[in-house]
Amino acid sequence: MKLTVNGKEIEIEPQPGEMLAHLLRERLGLTGTKIACEEAECGACTVLVDNVPVLSCSYPAAKAANKQVLTIEGLAELNNPVSQSDHEFQLHPLQEEFIEHGAVQCGFCIPGQIMTSYALLQRNPHPSEEDIHQALKDTLCRCAGYPTITRAVQSAAAKLRGEPPLRPVLPPVVREGELTPPPYKVIGSKQARPDAVEKVTGKAKFTDDLKFPGMLHARVKRALVPHAILKRLDVTQARKLPGVVAVLTAQDIPGEKTHGLVIYDWPVMIGVGERVRYVGDAIAIIAAETREIATQALDLIVAEYDLLEVVADPVRARQPDAPQLHPNGNLLKHIKVRKGDVTHGFEDAEIILEHTFHTAITDHAFMEPECSIARPLPNGRMEIYVGSQIPYADRSQVARALGWEEERVRIVGQLMGGGFGGKEDIAGQIHAALLANATGRPVKLLFDRHESLLAHPKRHSTQIRVKMGAKRDGRLTAVETELYGDTGAYASLGEKVLTRATTHSSGPYDIPHTRADCYAMYTNNPPAGAFRGFGVTQSAFAIESMMDILAKELNLDPIELRRQNALRVGSITNTGQLLRESVGLLECINLVERELEKQAGQMEGASRTSRSYFQPRPVEGKPHLRRAWGFAVAYKNTGLGGGAPDKAGAEVELYEDGTLEVRTSSAELGQGLVTVLRMIVAEEFAIQPEKVRVLVMDTDLTPDGGPTTASRQTFVSGNAARFAAQSLRNALAASLAEKYDVPPAQIRFIEGLAQVNGHTLPLSEVAKILRSEGRTPRAYYEYWAPETKPLGEGGDMHFAFSFAAQAAEVEVNTLTGEVRVLKVISAIDVGRAINPLGLQGQFEGGIMMGIGNALTENFIVENGVVFTDRLARYRIPSIMLTPEITAIAVEHPASAGPYGAKGVGEIVSIPTTPAITNAIYNAVGVRIDHLPVDQEVIVKELT
Amino acid sequence: MSTWNTYYQAHSLEDAIAVLTQSPSNNQIIAGGTDLLLEIQQGRHPPAHTLVDITTIPELNRLEVTSAYLWIGSAVPLAKLITWQPLQQHCLALYEAINLIGGPQVRNVATLGGNVAHALPAADGAIALLALDATVWIASPENGRTIDSSQVNQSTPNNLPIEVGQVRLRNQPLLDCYAGPGKSTLSAGEILVAFQIPLRKDGESSAFRRVMRPQGVAIAIQNMAVWLHLEKDTIMDIRIALGPAGPKPLRAHFAEEKMRGQKLSQATLSEATAAILAEARFRTSPHRATAEYRQHLTSVLLNETLAHAEAGRR
Ligand SMILES: Cc1cc2nc3c(=O)[nH]c(=O)nc-3n(C[C@@H](O)[C@H](O)[C@H](O)COP(=O)(O)OP(=O)(O)OC[C@H]3O[C@@H](n4cnc5c(N)ncnc54)[C@H](O)[C@@H]3O)c2cc1C
Ligand code: FES
Ligand code: FES
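This is the structure:
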């Protein structure tokens, strides 16, 4: 058939069953078109066919015969009819404005967003916000910069009409006590991501976009039964299938047979006679010449099981007669937090309340499904190409399974289409490596969405009982919590996550007596591990709901109640930590309150007991709709804490062209760490950020940055980069001082120049001087975060906390129970707003994820079997759910943080859910104690 | 096993029917593929030998206003249908329903023919068509003359089979296409050609509403379409369709009967709701909705769609 792709006519025959996305990506090499679901749900694969957007993952290639296809790669070319050099080419206004407004985060959805928007602007040069929402209705972004995407499209539309573009929205910054902004040149300024241009043009390569000569394709045979003993396994037929190169089972693992981030309890494959603990357990792995052949071979593998009773929830798991899943039983850990004496505290109380809350399992649903490519090298080493949040942990786990020295394995980190905690554990890295080792050929192991949903660790579902005692004036006297956390089949980071859930379970409040017990239980559900919020999402929902219940019972104002009990400088947390600085919670509360009053059109200082925005308001002309605001606060640790050594290494090097490179293995998941690192180094040298390159996630080339988790990278790797930059600066100054015979203190670096005694020389010269002296202008710094204490020892369990207050306005339909979130106000104490454009994206994306957690997301497992095994069944928020967002950054600097910064990535999302459910209560009087909100339950309670 | 072997773009009804009726027998009609391809990929439908794309057949892409009917080709992409002025003017319910199906990418390929032939009891397009008293033109493999589209252009008499070309065209009520959930009555080689909908007259109006849930599959928990002929505030005639309320889309005949000749009042509505509940067979779908919730929504939707239709009458 003939078709025109990006203006070029081509002739190519469609293959049986071939979709357009496959033809574009695999046969024409146009990998800018992304595949995230292959079920017509997400829009990532959108291309234009004869000028209308279609989903290329579900569009038969043959149907494109004689048609015009336009992909993201063609869009920039449209503007550049004469081919120009790579650096000078012109972006389409949509591409420019996506960058300018910070709409590009991980970038995986961006080609689809831009193509869909392009089609809209072709038809409608004046799109309203509603038009844009309708057009992008089914084009999902999990980083969820929906407001910035909307503004980017509006801005591009303006540009195309010849009008001035819109200004990007940046969060206003409110500083503690300081009247003048701190004297930084780069920190706090608006900067584009270093990888943005690649991401808007489709040039950005994610793992599945890579191909190597001779590469095989792998698939994993999964048990698909939740609890059983594997009785028999026969792979002979699969091995015989032409095109199959290797089929491996547990007995073919040369090294250790288990992996894990903390405890090695997760079998690489289940062997005959061994126990299957969840549906995603691997029993065999296949490498074949094509993915289709590997898929066919899956069906030729015969497995027989002795089925066992399924342990379906953590409460059952703790019962003495429940089947025991691991040698040490079903209890992964009993986590205890004690402060004072709760018995005492409850005796002091004038009111005692108790309530139990349930949260659902949720999935990260990062847009880019997992993909690993293992590539054996002639020198006997193995390279793994993968988007991973912890490259060095991948390295050691792969090496362990191969039975190799760690140094023989190199993790070459790739761009990641979102992680959110879901790319910390091993996915396909080990399997790909085993197959590559066995075949001597590169092996790609790509999960489809179905497999991704089945296999990787989730957010823990929890049951949380809260007992709260208070004085009539609202002062908390005691809080007791009991948590059951479902950590699923394997430990993953379960213990750490549930520890965080437990230590945060009495909220950001100064309470004399607290007691918390958490039972982290193994079950036959998919494993649970890290997920943005790291357990605090769950416990914040419980405690913040409870605070509103208390306010109601005592007839107190919910804001006042929180203000009264809020942690502040001088408070002692429930783990016995004295907070000495950087506690911006009160300021966050006050700012949200002020904004609320402004938005509610109220005078400041109006009666605090009858704030009208917490009262239900009918909508004019629609008496069945009720609106109200709800309020919640939260805190979240920065860094690993709990006595874990928290360190990161970074290296900064100056090149002879005057550019700098900063290297660390920490991971860029889309959150914007690369921008932050670049800004930090630019700040230290007072040069333009564009002059700084960032290299991350390569275990050969970048020093260990530790795991990208716990909102720690800006703090830890940021500091490492900062100190590495400073020591390089000092080294350069020392050399120049020697050469020009001046004291080093007189040498200054500014605007890419070194100033020595009145005359200046460019950094490129400085680099040459050092190299001519036989020295490499490079500095390495290993940064160790302030020491922390294990839980139970008192003292500093964490070196910093971020704080947040949020208010959400909802509209509840009293007839159908449907809930819409209309507005959200969010104030976050981030210590220092290093990268405001990135921060805005985090604010918005965090709120959207909180909305998902409250309203849409429910990963359903029935007796160990996953029901939500497709994206169509597991809904993440679309642009249609975007509320009006007001974001305010609060700076209460942490003295040890880089320029005062602390973590942002998780706190932004944590208070959203309880703010929404509290608003629902305020609107219609229904207390949500199970997540997600079930509209049917609301109706039932109302009728 | 590939999802299909050959993708064939048919150029005429005869051509399509010829391919569909030749062996091997697992040849399958495809329009937009938004239902079919996912079903094959996910193993809910067997792979096809040849997919016969019928969207390239001119007759199926026609949109016409005859003196008494709208003729809507079954393979017109929904996105195109939405922009067709007469649709909004004559069949507001269908316009509203289609606007809610999928996102723009899906609507650029999905068709009304597929929405009906897929035979789900609560497909939005089908429910609207049912309330609008749409009939269906079906082509089947029989000898005869070639379709003369000028014939079709005159308001073709209802229920009269016409012999044309190598294919036979017949017209039948929409509901006759339904055998059960996901099962149509169409036999191999039968193709939905078009929907025929009476033009709107004075005093008539229609509306569509649905209730969704933000979790899980994005199909309606319940949807409803009404067509209403009011004179002053007396209901001269009414048609109510809803789903899922049984194995097929439900026409609420009992309720309609109760309402004809009545004033559009709260009392009439209550009676009508009771009549629907007596006729409908609501089921509990795990993780989606209980039968009780659906019963409750029936009254909500009836109130809303009727109010909306009333407001839209001319
Ligand atoms: C993301 C997404 C969202 C959706 N949302 C909705 C929604 O909100 N509401 C809703 O109702 N639906 C929804 N759908 C389903 C939907 O797109 C349709 O039902 C669509 O109208 C089917 O049309 P199609 O042309 O794609 O059918 P196809 O998938 O091509 O065909 C469906 C079936 O009909 C048969 N068929 C098709 N055309 C004919 C014909 N002319 N004659 C005889 N048989 C024929 C095919 O053989 C097949 O068995 C959604 C789908 C997706 C992917
Ligand atoms: S819609 Fe095509 S990949 Fe998701
Ligand atoms: S930028 Fe949209 S998914 Fe990450």
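Residue numbers (the working numbering), protein chains in the order written: chain A, 275 to 1217; chain B, -4 to 309.
For each residue, glycine too, the CB sits at the ideal point set by N, CA and C.
Exercise for review: Check the DSSP bridge columns for Tyr538/A and list the partner residues they point to.
Suggested key: Translated into positions along the first sequence, residue 538/A becomes position 264. The partner list for Tyr538/A (beta bridge, DSSP) is empty, contrary to what the question assumes.
**Study point:** Runs of beta strand (DSSP E) wholly within the stretch 318 to 373 of chain A (minimum 3 residues, chain order)
**Key:** 320 to 323, 326 to 329, 342 to 344
Check your understanding: Which residues are close to ligand 1, meaning CB closer than 5 Å to any heavy atom, in chain order?
Key -> Ala314/A, Ile24/B, Ile25/B, Ala26/B, Gly27/B, Gly28/B, Thr29/B, Asp30/B, Leu31/B, Ser69/B, Ile96/B, Gly97/B, Val101/B, Ala105/B, Thr106/B, Gly108/B, Gly109/B, Asn110/B, Ala112/B, His113/B, Ala118/B, Asp119/B, Ile186/B, Leu187/B
Point to revise | Arg733/A versus Ser18/B: straight-line alpha-carbon distance, rounded | key: What you label residue 733/A is simply residue 459 of the first sequence in a count that begins at 1. What you label residue 18/B is simply residue 23 of the second sequence in a count that begins at 1. Rounded to whole angstroms, Arg733/A to Ser18/B spans 51 Å at the Cα level.
Exercise for review: Please decide whether Ala568/A counts as near chain B, where near means a Cβ-Cβ distance under 8 Å.
Suggested key: For the purposes of this step, residue 568/A is taken as the residue at position 294 of the first sequence. No, because no Cβ of chain B sits closer than 8 Å to the Cβ of Ala568/A.
Check your understanding: Is there at least one non-hydrogen atom of ligand 2 closer than 7 Å to the beta-carbon of Cys417/A?
Key -> Reading the first sequence from its first residue, position 143 is the one you call residue 417/A. It does not: the Cβ of Cys417/A is nowhere closer than 7 Å to a heavy atom of ligand 2.
**Study point:** Helix, strand or coil at His407/A [DSSP, three-state]
**Key:** Translated into positions along the first sequence, residue 407/A becomes position 133. In this structure, His407/A counts as helix in the three-state DSSP scheme.
Practice item. Flag Ile384/A as yes when its Cβ comes closer than 7 Å to any non-hydrogen atom of ligand 3, and as no otherwise. Key: By one-based count along the first sequence, residue 384/A stands at place 110. Answer for Ile384/A: yes, Cβ within range of ligand 3.
Practice item. Classify Gly238/B as helix, strand or coil using the three-state DSSP reduction. Key: Residue numbering aside, residue 238/B sits at position 243 when the second sequence is read from its first letter. If DSSP states are grouped into helix, strand and coil, Gly238/B belongs with the strands.
Point to revise | Contact list for Phe1141/A against chain B, beta-carbon separation under 7 Å | key: Against the first sequence, residue 1141/A aligns to sequence position 867. Within chain B, the residues near Phe1141/A are His282.
Check your understanding: So, is the C-beta of Asp119/B closer than 8 Å to a C-beta in chain A?
Key -> The count along the second sequence starts at 1 and reaches residue 119/B at position 124. So, not an interface residue.
Check your understanding: Is the CB of Glu964/A under 8 Å away from at least one CB in chain B?
Key -> Your numbering for residue 964/A matches position 690 in the first sequence. Not one chain B Cβ lies under 8 Å of Glu964/A.
**Study point:** Closer than 8 Å at the beta carbon, the chain B residues around Val328/A
**Key:** To locate residue 328/A, count along the first sequence from 1; it is residue 54. The contacting residues are Gln100, Asn103, Val104.
Check your understanding: Expressed to the nearest angstrom, what Euclidean distance is found between the alpha-carbon atoms of Tyr1057/A and Arg1022/A?
Key -> By one-based count along the first sequence, residue 1057/A stands at place 783. By one-based count along the first sequence, residue 1022/A stands at place 748. Tyr1057/A and Arg1022/A: Cα-Cα distance of roughly 24 Å.
Check your understanding: Which partner residues does Ala743/A have in the DSSP bridge list?
Key -> In the first sequence, the residue the question calls residue 743/A occupies position 469. Before going on, a small fix: residue 743/A reads as Gly here, not Ala. Paired residues: Ile626/A, Ala752/A.
**Study point:** Glu312/A: CB within 7 Å of a non-hydrogen atom of ligand 2
**Key:** In the first sequence, the residue the question calls residue 312/A occupies position 38. Yes, Cβ of Glu312/A sits closer than 7 Å to a heavy atom of ligand 2.
Review point. Applying a beta-carbon distance threshold of less than 7 Å, which residues of chain A neighbour Gly198/B?
Key: Here residue 198/B is taken as the residue at index 203 of the second sequence, counted from 1. None at all; the shortest Cβ gap to chain A is about 25 Å.
Exercise for review: Could you name the residues of chain B that Thr413/A contacts, counting a contact when the two beta carbons are closer than 8 Å?
Suggested key: Within the first sequence, residue 413/A is the residue found at index 139, counting from 1. Here the neighbours are Gly98, Gln100.
Review point. Would you call the CB atoms of Leu581/A and Pro597/A closer than 8 Å?
Key: Against the first sequence, residue 581/A aligns to sequence position 307. Against the first sequence, residue 597/A aligns to sequence position 323. No, these two residues do not count as a Cβ contact at 8 Å.
Exercise for review: Rounded to whole angstroms, what's the CA-CA distance from Gly555/A to Ser7/B? Just pull it up for me.
Suggested key: Position 281 of the first sequence, counted from the first residue, corresponds to residue 555/A. Position 12 of the second sequence, counted from the first residue, corresponds to residue 7/B. It is worth fixing the name first, because residue 555/A is Asp in this sequence and not Gly. When rounded, the distance between both Cα atoms is 51 Å.
Check your understanding: Who are the near neighbours of Glu450/A in its chain, counting only those whose CB is closer than 8 Å to its CB and skipping five residues on each side?
Key -> In the first sequence, the residue the question calls residue 450/A occupies position 176. Hits under 8 Å: Gly858, Glu861, Val1164, Glu1165, His1166, Pro1167.
Check your understanding: Taking Cβ positions only, does Glu855/A come closer than 8 Å to chain B?
Key -> Counting from one through the first sequence, the residue named residue 855/A turns up at place 581. No, Glu855/A does not count as interfacial toward chain B.
Check your understanding: Pick from Val328/A, Arg937/A, Pro516/A, Arg952/A: whose alpha carbon is nearest that of Ser463/A?
Key -> To locate residue 463/A, count along the first sequence from 1; it is residue 189. If we check each option's Cα against that of Ser463/A, Arg952/A comes out closest.
Check your understanding: DSSP state of Arg590/A, grouped into three classes?
Key -> Sequence index remark: in the first sequence, residue 590/A carries index 316 (1-based). DSSP places Arg590/A in helix when its eight states are reduced to three.
Practice item. Verify whether the separation of the beta carbon atoms of Asn166/B and Gln191/B is less than 8 Å. Key: On the second sequence, position 171 is the one that residue 166/B refers to. On the second sequence, position 196 is the one that residue 191/B refers to. Their beta carbons are under 8 Å apart, which means Asn166/B touches Gln191/B by this criterion.
Review point. Cβ-heavy atom distance between Cys331/A and ligand 2 below 7 Å?
Key: Within the first sequence, numbered from 1, the residue matching residue 331/A stands at position 57. Yes, since a heavy atom of ligand 2 falls inside the 7 Å radius drawn around the Cβ of Cys331/A.
Practice item. Thinking Thr1156/A and Pro421/A are a contact (beta carbons under 8 Å), I'd like their distance in whole angstroms, please. Key: Position 882 of the first sequence, counting from 1, holds the residue named residue 1156/A. Position 147 of the first sequence, counting from 1, holds the residue named residue 421/A. Indeed they touch by this definition, with Cβ atoms about 6 Å apart.
Check your understanding: Which residues in the same chain have their Cβ closer than 7 Å to the Cβ of Asn1031/A, if we skip the five residues on either side of it in sequence?
Key -> Numbered from 1 along the first sequence, position 757 holds the residue referred to as residue 1031/A. The answer, listed in chain order, is Tyr1014, Val1016, Gln1020.
Point to revise | Length of the line joining the Cα atoms of Val683/A and Ala586/A | key: Residue mapping note: residue 683/A aligns to position 409 of the first sequence, counting from 1. Residue mapping note: residue 586/A aligns to position 312 of the first sequence, counting from 1. Cα to Cα, the separation comes out at about 38 Å.
Exercise for review: Note down, in chain order, every chain B residue with its Cβ under 7 Å from the Cβ of Leu1089/A.
Suggested key: Against the first sequence, residue 1089/A aligns to sequence position 815. By Cβ distance, chain B contributes Val295.
Practice item. Consider the C-beta atom of Cys380/A and the heavy atoms of ligand 3; say whether any pair is separated by less than 7 Å. Key: By 1-based counting over the first sequence, the position of residue 380/A is 106. Yes, since a heavy atom of ligand 3 falls inside the 7 Å radius drawn around the Cβ of Cys380/A.
**Study point:** Within-8 Å CB hit, Asp48/B to chain A
**Key:** Translated into positions along the second sequence, residue 48/B becomes position 53. It does; some Cβ of chain A falls within 8 Å.
Review point. So, helix, strand or coil for Gly1124/A, using DSSP?
Key: Here the question's residue 1124/A lines up with position 850 in the first sequence. Helix.
Check your understanding: Are the CB atoms of Pro1185/A and Ala1078/A nearer to each other than 8 Å?
Key -> Residue 1185/A sits at position 911 when you count from the first residue of the first sequence. Residue 1078/A sits at position 804 when you count from the first residue of the first sequence. In contact: Pro1185/A and Ala1078/A (Cβ atoms closer than 8 Å).
Point to revise | Interfacial residues, the stretch 295 to 320 of chain A to chain B, with Cβ spacing under 8 Å | key: Glu312, Glu313, Ala314, Gly317, Thr320
Review point. Cβ of Thr1130/A less than 8 Å from any chain B Cβ?
Key: Taking the first residue of the first sequence as 1, we reach residue 1130/A at position 856. Yes, Thr1130/A lies at the interface with chain B (some Cβ there is under 8 Å from its Cβ).
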